[in-house]
Each structure stands twice: as C-alpha cells, then as structure tokens.
C-alpha cells in the first residue's frame, strides 16, 4: 500500500510540473515507475491492489474512448476520415511490423509492437492542438479525424488479438450476445438512464462506476474481451447523454489511469532480454514512419508536403493506447520496447508540436533562398 | 448574397468550432474546447498564420458584451445597458454612497420610487450584498446603493434623494 501512495505522490508532483511546463505527463509517469520499480530502485512493487487499480484505469480509458466515438458522425465524414486514416494505418503498420519481425520478434509479438507503433496518443495530440493554439490551421481537422480513425482501428486490433486462439464462431456469438444486451439497455432503457443521470445525489456516479465494472466482469465471465465490451458500453451510452457520463467517469479515469501508467513503468523489466539496439531502432523508426505517413497525408489531402510536417509534428507521440496494448498482450521484452517508444516519441512529439510551425517556416525560407530572387510586389 | 456563412462544426474530443469569413475576407474562428477554455482565432486575408487568444468563459462573455454593444458606457460607478430587442431600451445602473443625511431612513420613508421612478436593487454594506432590499430597509452611512432607472430618473434621484 505504501508503494502506491509513494507512486501517487510522485505522480502528483510530476503532474504539477508537467502542467506548468505544458509537456505531456504520460512519459514522466512511466519513467517514474521505471525508476521506482524493479528496473530501478526497487522501492515500489506491483501487488494485487495496484493491479486492480491499473486495470480500472485501462477500463475507464477505453470506456471514455467509447463515449467519444459517435459512429454516425464518423460515417458522415467518411471521405475525410478514410483517406488519411488508411494512409496512416498502412504506412505505420507495415513499417512497424516489418521492423519488429526483422529485429527478431515473433509474429504475434510483431503484431502487438506494430499496433502500438501505429497508434498515436489521442490525448497528447488533442491537448497539443489546443495548447499550441493550432485549432484553426487547416491540418487540425485532418489530425482530429485521424485520431478517430485510429480509435476505431484500436477496437479491431483488440478483437483480432483476443480472438487469436478461440473458436471463432463461439467467440462471435458471445460478442454479439453482449453487444445485443448493451444495445437493448441503451435503447429501451434510455429514459431510465437519463433520469438517473439527472439526479444530484451519489446515484449518477455510482451507476456509471457500477455499469463499467459490471460490463467488464460479465465479459470476463463469458470469456469475451472486456476491453472491447467497455468500449461498446461507452458507444451505447453515448446515445443517451455522453456529456453526463464523461463528467461522472472522468474522476475514475483520471486517477486510475495515472496508477496504470506508473505501475506499467514499475513492472518494466530491463533484465528480461530487452535489447538496446532493438529499442533504438524502433524508437527512431516510430518518429520517421509518422513523418512518411504525415507527408503522404499532407500531399493527398492538402496538396502540400509542408502540411504533412504539421500533421507529423502533432501525431508523433504514442501514449495511452500503445501502453494498453503492451499491458494486455505484451511479453516483458515487448513491454520494455513499447515503454521506451512511448517515452521517446511523446517527448519528441511534444517538442515537434511546439515548433512545427517554425520548422515549416524554416523549410519555406530555405526554399525561397535557393530560388531565384523574385520581383518585389508593391500594392497601390 | 448571404453576407457571412457561419459554419459550426463539432470536432470529436476537442469541442465545437464556429467560423465565418468577413466581407473583407478575414476569417474569424471560435472554439469552445472541452477543457472549458474558449479560443478565438483571427486570420487576416492573405496571411498564413492566424493569431489566437485563449479566454475563460467570463472573459469570453465580456468580449461578447462589448461586441454586441450591450455595454454602451462603462465608467467606475455606472453602466448603461441597451436592449436592442426592446425598442432600443437604454437602462442605467448607478451606484451611490449613502450620505449621513439620509442614514437611518427607510426606502419607504424616502419615497424613492414615487418621487424619482428609480428602484434600489441592491445595497452593499461591509462587503455584504443585500439584493432587492424591502421597503422597510434602513440605510446606514457608508452603504453603497445600486439604483436602476433611465438617465433622467437617475438625475432626479440625485436631486431629490441624495441632497435630502
């Protein structure tokens, strides 16, 4: 118990400092975990309580993601979402998978690394767009929809990996069964849900907490991935009053997610065969491959490679979803690799997001200087 | 021609965006972000980089009041508000420090509404606010009274009551 308290206290200090400097907190939570945990000083060890709290962090993260996914809105913007999304998916998945496989990971491990390699941090990207005051630039909408597409792919990845060694028909029937219950709840229980959410007492928050936990444990009992089902619960609840659910789920998400990040760091084991060369290659490629996909997207959507640099700058950071994949499906080596990738890309990403505009201007400036001098245009 | 097409857009995870292009070709965009802050961007025609200002909801409301012309005159102790929907009704709120001459009297004694047409809508006493004081409310020296009425009515309040 003291371990959790110590870790939480350090995270509180880190949260204050990172907010003050306006840099993402996630890499520092993980680093703090690594330093406190078995790879570092050994002050904090994970136990049953920390494990439970971490799991809640993950479940609430995914529930939150589900609440934000408004499927009908995605369908309305299909063309905008699809082009950039497919470029991003293909480039990063292929580079990530090929690199991991060539570096000696097994097929399944390579798929997990590639997925973590592909999926940018929605939280970091959106925060950076707001904090760096980039909402008006024309690439902002492309970037925002790209995050939505990545979230959708995340659901598919979760389904693919967890379906791996099961009887597919039974698996599909079970999933459809749970989805049916969730749909029926949201559809026929809509009035009831809204009446609960409207109350001022402890009921709305208690209901939100219980609904998420019940869905998770019921899914585990049936043997369907609880991760997918809490996302589905979020999507179903989003049809009633998503803002109220966000408000009631946010405190749980915010606290438990910090525990999740720091204890992910605590359980990192560097002696388990993590290879610094492999880590260095993956980290470098993680930055480069988003540059490739960013430039391609920039050219396809905005007709400009420079737009691609803006897209790149804001989507380098990998974060919460990469770690989720590492925790759910990663071996210790995969975990250490993904941890390093998240730390490196999120720090590089924070830096690039801040300076991408200057970088763009620098590139334009260089181009101008080498071009023949133009006549100065004067207005009358 | 439709002068300004206001485009509103819900951006997942970020908030709501409102954007329009002015007649002169400048672009103004407002974002109500999920974090609660409001960002305003302006982009001059022919310019590439917008300039941005981030506001709290209170600051944004203040800006809105200025832009809609709700506050015409604002000096330290009086505010004139215009309601364009009510046939350009202009109403003024003024604060007065209660002099010793009328201390100890009630609103009823002074016949404020009958004599001047104004209404005392709040009194500030020792940093406490009394909203809508009753007719039996007794003034004390040092009270600050907030009085509402048209400009002429307030002038008569100054003449009839304050010098009493």
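Residue numbers (my numbering), protein chains in the order written: chain A, 105 to 484; chain B, 1203 to 1366. Virtual Cβ for every residue (Gly too), placed ideally from N, Cα, C.
Inset, instruction - Can you grab the Cα-Cα spacing for the pair residue 1281 (chain B) / residue 234 (chain A), in whole Å? - result: Roughly 35 Å between the two C-alpha positions.
Inset, instruction - Specify the secondary structure class of residue 482 (chain A) as computed by DSSP and reduced to three states. - result: At residue 482 (chain A) the pLDDT is 47, less than 50, meaning the model places this residue with poor confidence and gives no usable figure here.
Inset, instruction - Identify every residue that forms a DSSP beta bridge with residue 1217 (chain B). - result: B:1213, B:1235
Inset, instruction - Please name the residue, chosen from B:1207, B:1223, B:1251, that lies closest to residue 236 (chain A) on a Cα-to-Cα basis. - result: B:1251
Legend entry - Endpoints, alpha helix (DSSP H) assigned at residue 291 (chain A): 272-292
Inset, instruction - Say whether chain B places a C-beta atom closer than 8 Å to the C-beta of residue 279 (chain A). - result: No, residue 279 (chain A) lies away from the interface with chain B (no Cβ there is under 8 Å from its Cβ).
Legend entry - Nearest-angstrom Cα separation, counted from residue 1318 (chain B) out to residue 1355 (chain B): 6 Å
Legend entry - residue 1240 (chain B) versus residue 1216 (chain B) - alpha carbon distance: 11 Å
Inset, instruction - Please decide whether residue 1220 (chain B) counts as near chain A, where near means a Cβ-Cβ distance under 8 Å. - result: No, no contact with chain A.
Inset, instruction - Say whether chain B places a C-beta atom closer than 8 Å to the C-beta of residue 187 (chain A). - result: Not closer than 8 Å to any Cβ of chain B, the Cβ of residue 187 (chain A) fails to qualify, so no.
Inset, instruction - Locate the beta strand (DSSP E) running through residue 1331 (chain B), then write down its first and last residues. - result: Residue 1331 (chain B) -> beta strand (DSSP E) spans 1330-1333.
Inset, instruction - Determine which residues share a DSSP beta bridge with residue 419 (chain A) and list them. - result: Bridge partners of residue 419 (chain A): none, in fact.
Inset, instruction - Give the range of the beta strand (DSSP E) segment to which residue 1351 (chain B) is assigned. - result: 1346-1351
Legend entry - residue 1270 (chain B) classed as buried or exposed, judged by whether at least 16 other C-beta atoms fall within 10 angstroms: exposed
Legend entry - C-beta neighbour in chain B for residue 399 (chain A), strict 8 Å: no
Inset, instruction - Could you tell me the distance, in whole angstroms, from the CA atom of residue 387 (chain A) to the CA atom of residue 449 (chain A)? - result: 7 Å
Inset, instruction - Quick one: using the 10 Å Cβ neighbour count with 16 as the cut-off for buried, is residue 456 (chain A) buried or exposed? - result: With 16 or more other Cβ atoms within 10 Å, it is buried.
Legend entry - Proximal residues of chain A, C-beta to C-beta of residue 1256 (chain B) below 8 Å: 237
Inset, instruction - Measure from the C-beta of residue 1298 (chain B) to each C-beta in chain A and report whether the shortest distance is under 8 Å. - result: no
Legend entry - Which of helix, strand or coil DSSP assigns to residue 1281 (chain B): strand
Legend entry - Three CB pairs or more closer than 8 Å across the region 426-445 of chain A and the region 218-229 of chain A: yes
Legend entry - Proximal chain A residues relative to residue 1269 (chain B), where beta-carbon distance stays under 9 Å: Under the 9 Å cutoff, chain A gives no residues; its nearest Cβ is about 19 Å from residue 1269 (chain B).
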